[in-house]
Amino acid sequence: MTNRLKCVFVVALLAIGCGAGEEPSVDGTGLVDLLPAASSMDGWQIAGGLTEYDSEGLFEYLNGGAPLYLDFGFQGMVHVRYQLGDDPLASVTLDVYDMGSDLGAFGLYRSGRPPGAEVRRWGAEGYRSGTVAAAWKGSVSIQAQADDEQPKLIEAMEALVARVVDSVDGGTSLPQIIDVLPSEGLVLTSERLVAKDLMSHTFLPGGVLASYRVADDEGTLFFSELAGEPAVTEAMAGLRDHQEQWGEIGEDIDSIGDGGFSFADPGLGSGAVVSTGSYVVGVHGDLPSDVQMNLLAQLVDNLAAAPTE
Amino acid sequence: MATNGSGIDRRKFLKLGAATSGLAIGGCGRVDDVMADVSDLEMQFRPLGGTGLKVSAVSFGSYGFDNPALLSAALDAGMTTICTSGSYQNGRAEETIGKAIGTIGGRRDELVLFTGAVVRAGASKQSVLGSIDASLRRLQTDRVEIFRITGVSSPDELAVDALYEAFEEAKAAGKVSHLGLSGHHGGMQDVLNAAIDDGRYEVLFTKYDFASYPDQDEILKRASGNGIGTLVFKTGAGNREKEIKDLEASGLSYKQATIKWALTNPNVASVCVKITNFSQIREYAEAASTKITEPEVAMLRTYAEQMYDKYCRFCSTCEASCPHEVAVADVMRYAMYFKYYGREKDSMERYGELPRECQAATCDDCSAPCESACPFGRQVKDELVEAHRLLSFA
Chain A
1 MTNRLKCVFV
11 VALLAIGCGA
21 GEEPSVDGTG
31 LVDLLPAASS
41 MDGWQIAGGL
51 TEYDSEGLFE
61 YLNGGAPLYL
71 DFGFQGMVHV
81 RYQLGDDPLA
91 SVTLDVYDMG
101 SDLGAFGLYR
111 SGRPPGAEVR
121 RWGAEGYRSG
131 TVAAAWKGSV
141 SIQAQADDEQ
151 PKLIEAMEAL
161 VARVVDSVDG
171 GTSLPQIIDV
181 LPSEGLVLTS
191 ERLVAKDLMS
201 HTFLPGGVLA
211 SYRVADDEGT
221 LFFSELAGEP
231 AVTEAMAGLR
241 DHQEQWGEIG
251 EDIDSIGDGG
261 FSFADPGLGS
271 GAVVSTGSYV
281 VGVHGDLPSD
291 VQMNLLAQLV
301 DNLAAAPTE
Chain B
310 MATNGSGIDR
320 RKFLKLGAAT
330 SGLAIGGCGR
340 VDDVMADVSD
350 LEMQFRPLGG
360 TGLKVSAVSF
370 GSYGFDNPAL
380 LSAALDAGMT
390 TICTSGSYQN
400 GRAEETIGKA
410 IGTIGGRRDE
420 LVLFTGAVVR
430 AGASKQSVLG
440 SIDASLRRLQ
450 TDRVEIFRIT
460 GVSSPDELAV
470 DALYEAFEEA
480 KAAGKVSHLG
490 LSGHHGGMQD
500 VLNAAIDDGR
510 YEVLFTKYDF
520 ASYPDQDEIL
530 KRASGNGIGT
540 LVFKTGAGNR
550 EKEIKDLEAS
560 GLSYKQATIK
570 WALTNPNVAS
580 VCVKITNFSQ
590 IREYAEAAST
600 KITEPEVAML
610 RTYAEQMYDK
620 YCRFCSTCEA
630 SCPHEVAVAD
640 VMRYAMYFKY
650 YGREKDSMER
660 YGELPRECQA
670 ATCDDCSAPC
680 ESACPFGRQV
690 KDELVEAHRL
700 LSFA
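As they're listed, the protein sequences go chains A and B.
Read left to right, the first sequence gives residues 1 to 309 (this note's numbering).
Read left to right, the second sequence gives residues 310 to 703 (this note's numbering).
The following block contains the structure:
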């Protein structure tokens, strides 16, 4: 057995009923403790796993998706597959991630939440969309997938997620970081974290973005906190260089924050970006210019008023 | 499960990114962080088997990208081939591509779009058609050039009649043009060979690097001979950060070198790379515009030597030395399925179907002549003992 991946031989123990709260934690992660015992699910058995992955082994499980998880603070995960009877095509896969923090769990959850997903009251947040379900609570993020949309599988999938969430001892509040976003026009559950390269720029670190809708127009508001004034200056210059190359620079803005400029981008639409203290703040999309400026100004004010930690 | 705030908090989270950004700025300068002009680069285009399509030598891998403008910039750099899947972030990648397609107008016709879905045994024709329609909606287009089944890890997974029925119906409706498959699992050789023999697949999408699978070149050649085009990915041979960091100290780009290496094979139509920022577009487009250099070859050779004994190639060379007829390659492959690909039950069943003498039950007490026979110097015995324990619950 390698250090990178620990296959946990507790299938039999789970099958006979040593499930949530009864199994000793494995490697201190405790994720296995969260899994429901198969014996508590009538007709179900453990058909795959348990398999644990750490940060070095995650690439083997998720391929190109692994960096996204690592950037959000991934600490470890456990994978298991529950199967109904002897039918290999009637199974539900459960992946439980320790993301190291509430923020990381929220970031991962929101990064994969499909628009239009059905909301579920699981932990801090939960949803089901077709054969997929997910939730987060505390530092734990849960993802589940059923083989197909048979009601018995969907029902079991939802029950599994709910039970795991109930076993997590963690907070259910949304991260404070999104409180600074203006509320008017904010599209529900559109707030997302980006762990690195906000707006695909390497000179911007992680940040927050959210969608806004006013009448039939949509736009995106974003902000990123940098290490200090030199980094902000570099980032603003980088954004200007980028727009000079790929789009058009519009008017200078000097009435919001520490100033910035408007732009027209072939991929993003019209927009504006300003700096304020250690933040770079921007907006883009189809929203009218006055709405964009109003959102920018509100966000800048909110960031200035936000308590520092 | 402890869920207190001992991990990254808001400020640490943002500062982490800021620190990374600062290093990048300090190391390379801002100009390098903005995507530089690419007009000096000339993207190669290669035929995709017998499909009649030409694909850019570097393809845009879309997992995790957020900014539709990134795809527009990639298009300007000649990356007209876009790889995605309905499963990438539950459709979010397709949606972002769709936003980009919505802004490029007639340039849509320049694109070669790959999308795909997992199609399991037991899937219905309607569910496959539903996946295709959902992808088209998210992509804001009426067609994709290639629809592929993803995550294939066994030839058995190709025997899904509903897939072929659905594909033909979607093709007749003009929604898809060519059928492909993708997988990155070890043991893909069996899948690729089965797909070539099947005759219905026109495109393969597979892992390919300079340190794995000794028979991969032959498979790609055979595919090409059968009019099948191949896109490759995972060219980094494990992308082991520590080794790469040391090798890049000389100023070379490991990623560029691996792309260039893959493109030295005329049977590789395109290398798919994940692109999440503007800097990568220049870096990867440059790789597709220039030939591999001697120092780059030397860097890859050094890396391959460092990786030499770290994984099994399933070459079976050691089996001739085994006094017990252990099917080493099969056992290793099943252990890999068990450990890395969530196919625990399947791998245990396969292992159980091996004749008793071909299992690794006797390895623990063996003098292990296989180890001296392994051309890669691997600790075969320890791994076989572990594999037996995994696959038999011994």
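Heads up, the beta-carbon is just placed ideally off N, CA and C, and yes, glycines get one too.
Those residues which DSSP pairs with residue i across a bridge
i	result
residue 488 (chain B)	B:456
residue 48 (chain A)	A:81
residue 516 (chain B)	B:542
residue 160 (chain A)	BP columns for residue 160 (chain A) are empty, so no partner.
residue 253 (chain A)	A:260
residue 136 (chain A)	A:125 and A:141
residue 444 (chain B)	Answer is none; residue 444 (chain B) lacks a bridge partner.
residue 647 (chain B)	Beta-bridge pairing links residue 647 (chain B) to no other residue.
residue 392 (chain B)	B:370 and B:423
residue 131 (chain A)	Paired residues: none, contrary to the question.
residue 284 (chain A)	A:220 and A:271
residue 362 (chain B)	BP columns for residue 362 (chain B) are empty, so no partner.
residue 276 (chain A)	A:279
residue 186 (chain A)	A:212
residue 530 (chain B)	For residue 530 (chain B), which the question treats as bridged, DSSP gives no partner whatsoever.
residue 94 (chain A)	A:80 and A:144
residue 265 (chain A)	A:269
Status (buried if at least 16 other CB within 10 Å, exposed otherwise) for residue i
i	result
residue 608 (chain B)	buried
residue 611 (chain B)	exposed
residue 152 (chain A)	exposed
residue 661 (chain B)	exposed
residue 119 (chain A)	exposed
residue 655 (chain B)	buried
residue 554 (chain B)	exposed
residue 248 (chain A)	exposed
residue 465 (chain B)	exposed
residue 334 (chain B)	Low per-residue confidence applies at residue 334 (chain B): pLDDT is 22, beneath 50, and the placement is therefore not dependable, though the value from the model is reported in the following sentence. Answer is buried; the Cβ neighbour count reaches 16.
residue 701 (chain B)	exposed
residue 244 (chain A)	exposed
residue 560 (chain B)	exposed
residue 228 (chain A)	exposed
residue 395 (chain B)	buried
residue 617 (chain B)	exposed
residue 442 (chain B)	exposed
residue 382 (chain B)	buried
residue 121 (chain A)	exposed
residue 192 (chain A)	buried
Top-ranked residue by Cα proximity to residue i, from the options
i	options	result
residue 187 (chain A)	A:286, A:115 and A:292	A:115
residue 399 (chain B)	A:201, A:304, A:131 and A:215	A:131
residue 99 (chain A)	A:195, A:228, A:224 and A:263	A:195
residue 425 (chain B)	B:559, B:452, B:414 and B:644	B:452
residue 674 (chain B)	B:694, B:508, B:474 and B:665	B:694
residue 85 (chain A)	A:94, A:68 and A:43	A:43
residue 512 (chain B)	B:647, B:504 and B:518	B:504
residue 291 (chain A)	A:125, A:251, A:272 and A:160	A:272
residue 351 (chain B)	B:696, B:685 and B:592	B:592
residue 402 (chain B)	B:438, B:485, B:379 and B:478	B:379
residue 604 (chain B)	B:497, B:584 and B:569	B:569
residue 265 (chain A)	B:686, B:376 and B:356	B:376
residue 230 (chain A)	A:143, A:222, A:61 and A:276	A:276
residue 174 (chain A)	A:255, A:139 and A:201	A:139
residue 267 (chain A)	A:242, A:279, A:289 and A:295	A:242
residue 210 (chain A)	A:45, A:285, A:103 and A:105	A:285
residue 218 (chain A)	B:361, B:667 and B:408	B:408
residue 638 (chain B)	B:599, B:499 and B:613	B:499
residue 418 (chain B)	B:363, B:348 and B:427	B:363
Expected contact under 8 Å - CB spacing of residue i and residue j to nearest Å
i	j	result
residue 112 (chain A)	residue 134 (chain A)	7 Å
residue 258 (chain A)	residue 274 (chain A)	7 Å
residue 714 (chain B)	residue 533 (chain B)	The requested residue 714 (chain B) is not part of the displayed model; chain B covers only 310 to 703.
residue 144 (chain A)	residue 92 (chain A)	6 Å
residue 624 (chain B)	residue 684 (chain B)	7 Å
residue 545 (chain B)	residue 530 (chain B)	That belief does not hold up - the Cβ atoms of residue 545 (chain B) and residue 530 (chain B) are roughly 23 Å apart, past 8 Å.
Distance cut-off 7 Å: residue i Cβ against heavy atoms of the ligand FAD
i	result
residue 468 (chain B)	As for the ligand FAD, it is missing from this structure, which has no ligand bound.
| message | My parser needs the beta strand (DSSP E) runs of 3 or more residues fully inside the stretch 545–615 of chain B; what are they? | response | 579–583
| request: Would you mind listing the alpha helix (DSSP H) stretches within the stretch 660–685 of chain B that are 4+ residues and don't spill past its ends, in chain order? | output: Runs found: 678–682.
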